[in-house]
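A.B. asks: Pasting a structure here, questions to come.
Residue numbers (the working numbering): 3 to 535.
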């Protein structure tokens with residue numbers, strides 16, 4: 003029996019192979035698809051099964067996506083219904099809880115409606131404006147974070163403290179730096195308050211020691227309160243800034259009056275020195291000096307030409323400094339207080355001219371800029387920077403026309419004689435007359451030189467043109483083709499022109515004979531540190 007079964011199996015195996023046997027079990031259905039090639043046997047069945055499986059997967063994916071879209075649509079309609087029921091009725095929980103605060107905030111921000119066109123409803127316009135702002139802000143962040151072509155920024159390195167410091171009468175310490183000839187040999191003395199995001203290391207960038215020696219100049223720069231290694235001031239304003247300069251001049255041993263040098267926003271402190279300590283000044287050298295853009299004495303045209311030059315971000319930062327200064331800290335911590343270096347034009351929201359852009363690409367300028375920033379942010383405190391920004395756009399305590407250079411008037415002898423009589427001091431109208439005479443006598447009588455690049459985008463020429471209009475005694479030097487930094491920084495020829503304009507022919511440091519004569523003059527004309535009211 004078993005032998006018969008084995009014989010049958012061997013007979014079948016000898017007549018057909020196993021593939022032929024398997025192919026015989028698959029029936030041809032007769033269905034043909036476009037592009038199919040008729041293949042005999044098992045191979046054709048395998049391709050048909052694969053095609054059927056692929057077609058089935060495709061249908062499944064389509065069905066899944068369609069069902070997902072329907073579910074999301076239902077979810078969106080449900081969220082809309084919930085929002086309408088929660089916010090659309092006055093007796094809803096959300097309206098009861100947030101309605102009062104929302105009305106209060108709306109009233110306080112109602113002044114922003116003045117910036118909308120007259121035919122726009124604020125209720126519909128502001129959501130659109132805010133949505134566009136948020137989208138643009140998100141796009142800018144994404145673009146700035148994913149620019150693979152930009153190299154990684156360097157980390158800020160803060161070196162150990164090394165500055166010389168002096169103690170002021172109010173107990174604060176001010177860090178300063180000296181350049182040029184010694185105290186005994188100085189023919190001219192200069193003090194330079196620095197600009198925003200800078201330090202005592204700036205001074206006049208690139209100024210050669212040989213030029214200072216040639217003209218006999220002693221230059222002192224210092225850190226503003228809270229910058230670098232200087233202590234912060236608890237109640238800083240432009241009056242205290244001028245007093246600090248006067249104290250520094252006395253502490254470092256200035257024998258005579260000094261020149262104040264102001265570049266960019268450092269010009270704000272130079273204006274303050276002219277206003278509050280005119281008796282200490284020999285003159286003022288200003289380079290694209292900043293003027294309060296909200297200055298009431300500016301004409302509408304001057305204000306328009308000034309604001310037109312600035313980038314939208316810079317205008318926004320001035321708006322924050324004037325209206326919502328507490329928000330400045332957020333932007334500062336994302337830029338120069340982030341612990342990483344960055345480009346000057348991006349951090350300060352600048353639009354630079356051709357010469358300024360070329361200067362920023364120079365290695366010598368970048369090296370100076372990085373070290374200056376490192377010293378400026380040494381204390382990692384955003385408050386001094388916010389104070390500086392607020393000072394720029396707030397009430398200075400004086401107006402530029404108040405600095406009008408006036409000649410001392412004659413014929414005041416009678417007023418001075420009346421003032422010397424104690425009984426008459428109590429008469430109000432007489433007191434007002436001789437107070438006015440005192441103010442006129444304390445007006446700044448020295449020279450004011452203002453250099454302004456015509457291609458300056460940071461401090462537009464309209465600012466200095468306004469200063470020249472209200473201060474006819476000032477000398478305005480217009481510089482075609484120059485920008486905000488190109489004339490003031492790392493330009494040997496420019497520095498020589500500046501010193502020649504201020505000091506005339508170079509005569510070198512004081513000789514022993516000159517020092518003797520200077521000491522005699524100082525004994526005859528003592529000065530005081532008191533500021534003008």
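Even for Gly, the Cβ is constructed at its ideal location relative to N, Cα and C.
Keep in mind that this is a model prediction, so the values were computed, not measured.
Quick check: the Cα distance between residue 279 and residue 193, rounded to an integer number of angstroms?
C.D. replies: C-alpha separation (whole angstroms): 13 angstroms.
A.B. asks: Report yes or no: do the region 365-379 and the region 203-219 share at least 3 C-beta pairs separated by less than 8 angstroms?
C.D. replies: Enough Cβ pairs lie closer than 8 angstroms, so yes.
A.B. asks: When we look at the beta-carbon of residue 345 and count the other beta-carbons within 10 Å, is it buried (16 or more) or exposed?
C.D. replies: Looking at its Cβ environment, which holds fewer than 16 other Cβ atoms inside 10 Å, residue 345 is exposed.
A.B. asks: Are the CB atoms of residue 182 and residue 221 nearer to each other than 8 angstroms?
C.D. replies: Yes, the pair counts as a contact, with Cβ atoms nearer than the cut-off.
A.B. asks: Within 7 angstroms: the Cβ of residue 344 and any heavy atom of the ligand MG?
C.D. replies: Although the ligand MG was asked about, the structure shown includes no ligands whatsoever.
A.B. asks: For residue 320, which residues of its own chain have a beta-carbon under 6 angstroms away from its beta-carbon, when the five flanking residues on both sides are left out?
C.D. replies: Cβ neighbours of residue 320 beyond the five flanking positions: 395.
A.B. asks: On the three-state DSSP scale, how would you describe residue 489?
C.D. replies: Note: residue 489 maps to coil in three-state DSSP.
A.B. asks: With the cut-off set at 8 angstroms, would you say residue 351 and residue 313 are in Cβ contact?
C.D. replies: Yes, Cβ-Cβ distance for residue 351 and residue 313 is below 8 angstroms.
A.B. asks: For residue 297, which residues in the same chain have their Cβ closer than 7 angstroms to its Cβ, ignoring the five residues on either side in sequence?
C.D. replies: Correct list, in chain order: 401 and 402.
A.B. asks: Can you give the beta carbon distance from residue 289 to residue 135, rounded, assuming they're within the 8 angstroms contact cut?
C.D. replies: Contact doesn't hold; Cβ gap of about 36 angstroms is too wide.
A.B. asks: Can you tell me where the alpha helix (DSSP H) holding residue 309 begins and where it ends?
C.D. replies: That run of the alpha helix (DSSP H) goes 302-310.
A.B. asks: Can you grab the Cα-Cα spacing for the pair residue 486 / residue 375, in whole Å?
C.D. replies: Approximately 18 angstroms between the Cα atoms of the pair.
A.B. asks: Between residue 191 and residue 256, is the Cβ-Cβ spacing less than 8 angstroms?
C.D. replies: Yes, the pair counts as a contact, with Cβ atoms nearer than the cut-off.
A.B. asks: On the criterion of 16 or more Cβ atoms from any shown chain inside 10 Å, does residue 484 qualify as buried, or is it exposed?
C.D. replies: It counts as buried.
A.B. asks: For the alpha helix (DSSP H) holding residue 499, just list the boundary residues, first then last.
C.D. replies: Element bounds for residue 499: 494-505.
A.B. asks: Between residue 455 and residue 481, how many whole angstroms is the CB-CB distance? I'm expecting something under 8 angstroms.
C.D. replies: Residue 455 to residue 481, Cβ: 5 angstroms. Contact.
A.B. asks: Compare the beta carbon distance of residue 201 and residue 378 with 8 angstroms and say whether it is the shorter of the two.
C.D. replies: Result yes, Cβ atoms of residue 201 and residue 378 sit closer than 8 angstroms.
A.B. asks: So is residue 397 buried or exposed if we call it buried at 16+ other beta carbons inside 10 Å?
C.D. replies: Flag for residue 397 reads exposed.
A.B. asks: For residue 324, I'd like the list of residues in its chain whose CB is within less than 6 angstroms of its CB, leaving aside the five on either flank, ordered along the chain.
C.D. replies: Answer for residue 324: 395, listed in chain order.
A.B. asks: With a threshold of 8 angstroms, are at least 3 pairs of Cβ atoms found where one atom belongs to the region 159-175 and the other to the region 455-472?
C.D. replies: Verdict: no, contact absent.
A.B. asks: Which partner residues of residue 191 appear in the DSSP bridge assignment?
C.D. replies: Answer is 220, bridged to residue 191.
A.B. asks: Just tell me which of 287, 361 and 349 has its CA closest to the CA of residue 316.
C.D. replies: Of the candidates 287, 361 and 349, the one whose C-alpha sits nearest the C-alpha of residue 316 is 349.
A.B. asks: Kindly indicate the opening and closing residues of the beta strand (DSSP E) around residue 477.
C.D. replies: 477-481 is the extent of the beta strand (DSSP E) around residue 477.
A.B. asks: Run through DSSP, which three-state label would residue 173 get?
C.D. replies: Note: residue 173 maps to coil in three-state DSSP.
A.B. asks: One question on the structure: do residue 446 and residue 405 come within less than 8 angstroms of each other, judged by their Cβ atoms?
C.D. replies: Going by C-beta atoms, residue 446 is nearer than 8 angstroms to residue 405.
A.B. asks: Taking 8 angstroms as the threshold (C-beta atoms), are residue 232 and residue 177 in contact?
C.D. replies: Closer than 8 angstroms, so yes.
A.B. asks: Within the same chain, show all residues whose beta-carbon is closer than 6 angstroms to that of residue 187, passing over the 5 residues directly before and after it, in chain order.
C.D. replies: Within the same chain, residue 187 has close Cβ partners 511 and 512.
A.B. asks: So residue 454 is in the beta strand (DSSP E); what residue range does that whole segment cover?
C.D. replies: 450-455 is the span of the beta strand (DSSP E), which, as asked, contains residue 454.
A.B. asks: For the region 336-394, which segments carrying the beta strand (DSSP E) assignment without a break, of at least 3 residues, lie completely within its bounds, in sequence order?
C.D. replies: Segments of the beta strand (DSSP E) lying fully in the region 336-394: there are none.
A.B. asks: Mapping the DSSP letters down to three states, classify residue 181 as helix, strand or coil.
C.D. replies: Strand.
A.B. asks: Short of 6 angstroms in beta carbon distance, which residues of its chain neighbour residue 180, apart from the five on each side in sequence? Order them along the chain.
C.D. replies: These residues qualify, in order along the chain: 222.
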